[in-house]
Every structure is written in C-alpha cells, then in structure tokens.
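Presented below is the structure to which this report refers.
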Amino acid sequence: MTDILEIREEAREALAAGKPVVALESTLITHGLPRPQNIETALAMEKAVRESGAVPATIGILGGRIVVGLAAKEIERLAEQKDVVKVSRADLAPVVVGKRTGATTVAATMMIAAMAGIRTFATGGIGGVHRGGENSMDVSADLTELGRTQVAVVCAGAKSILDLPRTLEVLETLGVPVVGFATKEFPAFYCRESGLALLHSAATPQEAAEIMNVQWGMRSAQMGGILFVNPPPAESALPENMVEAFIEKALAEAAKQGIKGKSVTPFLLREVSRLSEGRTLKANVDLLVSNARLAGRISAAYCQLESLQGPN
Ligand code: PSU
Ligand code: MN
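In my numbering, the protein residues as written are 113 to 424.
This is the structure:
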C-alpha cells in the first residue's frame, strides 16, 4: 500500500508519536464551495485544527497518488483546477489506476483516514438520503461508510437539502451513534435546529473521546464510525423557514435541468447560495471552521485518553 498511500511527514510523525491528527476532506474545496472561498476555507480549517492542538491532514488524490496531508500549495492547485474527479469509495481504485486527480468525499476520506490511522475527521455536512430517495435510491455512500469505518466524523448534521428524518433512520439501521455536541437536537447544516431530537449527546471533548474509546474497544463486534454533530455558529446560522424556501426552488431547478448522481449535491449547494445571495455560503464557511476547531479538541482529548491507557 505504501506506494499508493503517501502520508506526509508532519502527519506521519504526529501519528507515530501518538499525537492528535485531524483528517480533512477535499470535495468541499473542489465541488462544495466557489472560488476564492474554497481555498480560504480549506486553509482556515487547517489553522483552526492547529489552534486546538492537533495536526491537520487534508486528503486528496494527485495524479493517482493518495496523499494524506496535502501542502498548502497543493490545496491551492486543487482548488483552482477544473475537472477534478469527485471520489467516493467506489471511485478510489479506478482513479488511482488512471493516475487521475481527485477530491475525496466524506466516504473516501474516512476510508483513507482509517488506512492512515487517523481517528478524527472534520467536515461540513455529511451526505445522506436525498429527498425522493425512496424512489431514486440516491443515498450517499457516506452513510454506509459511517457504518463500517472506525472514524469519528465531526459535522453540522446533514445538509438540509436532504431528507433528514430518513437519513437518521438509515444511520440507526447501520449502527452509527449520532451524538449531539452540547445539543439534543440534530442540526440541519445551515440551521441550528431541525425539530429532530437526538438520543445522545456529549457535553465536552473528553466525553466525546470516551465514546470513541468505548465504541472501538468493543473489538470483536466490528464497530463502525461515530457522528458528532455540532450546531453551526449562531452568528451566521439561518432560520429553517428561510432555508427551506431556497431549497425548494433549488430542487425544482435541479429537476428541470435533469441534474443526477454525483452532480446533485454540488448543484444544490451552488443554487441555494445564489438564491440566498451568499448567506448560505457564509454559514457554510463558518460551520466548517467551527467543526475543524471542535475536531481538533476531540482528537486531542482522545489521544490523551489513549496515552493514559498505554498501547493496546
Ligand atoms: N459538506 C460540505 N460541502 C460539501 C460536502 C460536504 O459542507 O461539498 C460534500 C462531502 O464531500 C460529502 C459529499 O461527502 O458532499 C456528499 O455527496 P453525495 O451526496 O454525492 O454523496
Ligand atoms: Mn448520490
């Protein structure tokens, strides 16, 4: 594996020393945010991870090489390049063999983080069951990945362009703990509330780390990932009814233009941002940085727990 998976020095040394490392995805840079906010946000997330005492490792695929810990220059190049492939679990091997350049989704980033030994990952909102998914069967591979891969994902819930009740149902079926960070309600990405109650919450990074420790201590039970949901910062979060109006318009436009498959999520994000005159974009950027900061703190708490327990 060493020739296709390249873990850059800073992350490699931190991992070997048992120090906290936070994985960051690259699809949000190439497909989720417009320029120049994409590059600014990617770098701001790295900074936020550092400020909370962990090493950031942005993950992407450059000419068929899976890189863990992209350099700032490489992130900039990805952010500016056209036709970067959106890489989920199903795309990884073909993209490597084709020596293509790709940006990893939550699913592929989790997979690669686990291969590299990284346990904590920050993103904006995970993919989920799309509205109408009961007919289209458009259910993000992020959900199945959460069911099978031992990484804790820190996010602001699932994007409100999705069917949130069904997304929570699928997560439960897959055995994924959904844990509110200092909240008892599932956040809806741009909105702090969704009306969907959570069964579990953690009040501190230490409590979150303990949940990780117990989840993955159940060794023979093939436990998967954990979803920590962090409400978006109040300053830029938007009211649910405002967002809903934008989403309905965006969905109608997507149907009219026949947008399908991998293009659905990027299209809706772009359309909602245009309709809201950038308000959803501002909320998106702020919640990404906030999640990166929290992931850094959770990762630090988890490493401290592990060091107390000694190697296992
Ligand atoms: N979160 C964001 N912006 C994004 C995404 C998440 O704030 O662009 C990306 C993630 O990479 C996620 C993907 O895995 O959208 C989901 O795509 P799909 O619905 O096609 O599985
Ligand atoms: Mn899909």
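Ideal Cβ placement from N, Cα and C applies to all residues, glycine included.
Check                                                                                                                                                                                                       : Outcome
Tell me where the beta strand (DSSP E) around residue 279 begins and ends.                                                                                                                                  : Run containing residue 279: none in the beta strand (DSSP E); it sits in the alpha helix (DSSP H), 276-285.
Within the present structure, is the beta-carbon of residue 164 separated from the nearest heavy atom of ligand 2 by less than 7 angstroms?                                                                 : no
What I want to know is whether the C-beta of residue 238 ends up closer than 7 angstroms to one or more non-hydrogen atoms of ligand 1.                                                                     : yes
Hey, would you say the C-beta of residue 254 is under 7 angstroms away from at least one heavy atom of ligand 2?                                                                                            : no
Under the criterion of a Cβ to heavy atom distance below 7 angstroms, does residue 121 qualify as lining ligand 1?                                                                                          : no
Alpha carbons only, please: which of 280, 182, 325 is nearest the one belonging to residue 311?                                                                                                             : 280
In this structure, what does DSSP give as the bridge partners for residue 143?                                                                                                                              : Per DSSP, none; premise fails for residue 143.
Taking the DSSP output, what are the residues bridged to residue 339?                                                                                                                                       : 265, 290
For the stretch 161-194, which segments carrying the beta strand (DSSP E) assignment without a break, of at least 3 residues, lie completely within its bounds, in sequence order?                          : 167-174, 177-180
Is any heavy atom in ligand 1 found nearer than 7 angstroms to the beta carbon of residue 219?                                                                                                              : yes
Classify residue 196: buried if its beta carbon has 16 or more other beta carbons within 10 angstroms, exposed otherwise.                                                                                   : buried
Nearest to residue 450 by alpha carbon, out of 241, 147, 205, 301?                                                                                                                                          : Limits of the chain in this structure are 113 at one end and 424 at the other, which puts residue 450 out of reach.
Going along the chain, which residues of its own chain have a beta-carbon closer than 7 angstroms to the beta-carbon of residue 318, five neighbours each way excluded?                                     : 413
Since residue 358 is in the beta strand (DSSP E), which residue starts that stretch and which ends it?                                                                                                      : It is not in any beta strand (DSSP E) - residue 358 instead sits in the alpha helix (DSSP H) that spans 352-369.
With distances taken Cα to Cα, identify the nearest neighbour of residue 166 among 254, 415, 308, 235.                                                                                                      : 415
For residue 198, list the residues DSSP reports as bridge partners.                                                                                                                                         : 215
Starting from the C-beta of residue 250, find all residues in its chain whose C-beta is less than 6 angstroms away, skip the five residues before and the five after it, and write them out in chain order. : 242
Measuring CB to CB, does residue 349 end up less than 8 angstroms from residue 304?                                                                                                                         : yes
Taking only the alpha-carbon atoms, compute the straight-line gap between residue 320 and residue 168 and give it to the nearest angstrom.                                                                  : 19 angstroms
From the DSSP output, read off the bridge partner residues of residue 427.                                                                                                                                  : The question about residue 427 has no answer here: the residues shown for the chain are numbered 113 through 424.
For the beta strand (DSSP E) containing residue 381, name the first residue and the last one.                                                                                                               : Run containing residue 381: none in the beta strand (DSSP E); it sits in the alpha helix (DSSP H), 376-387.
Per DSSP, residue 251 forms a beta bridge with which residues?                                                                                                                                              : 241
If contacts are defined as beta-carbon pairs under 8 angstroms, then residue 199 and residue 209 qualify, I think. What distance do you get, rounded to the angstrom?                                       : Not confirmed; about 13 angstroms, so no contact.
Out of curiosity, what's the CA-to-CA distance linking residue 125 and residue 361?                                                                                                                         : 48 angstroms
Cβ of residue 282 within 7 angstroms of any heavy atom in ligand 2?                                                                                                                                         : no
Following the continuous beta strand (DSSP E) through residue 129, name the residue where it begins and the one where it ends.                                                                              : Run containing residue 129: none; DSSP gives neither H nor E here.
Quick check on the DSSP output: the beta strand (DSSP E) that includes residue 119 runs from which residue to which?                                                                                        : 117-119
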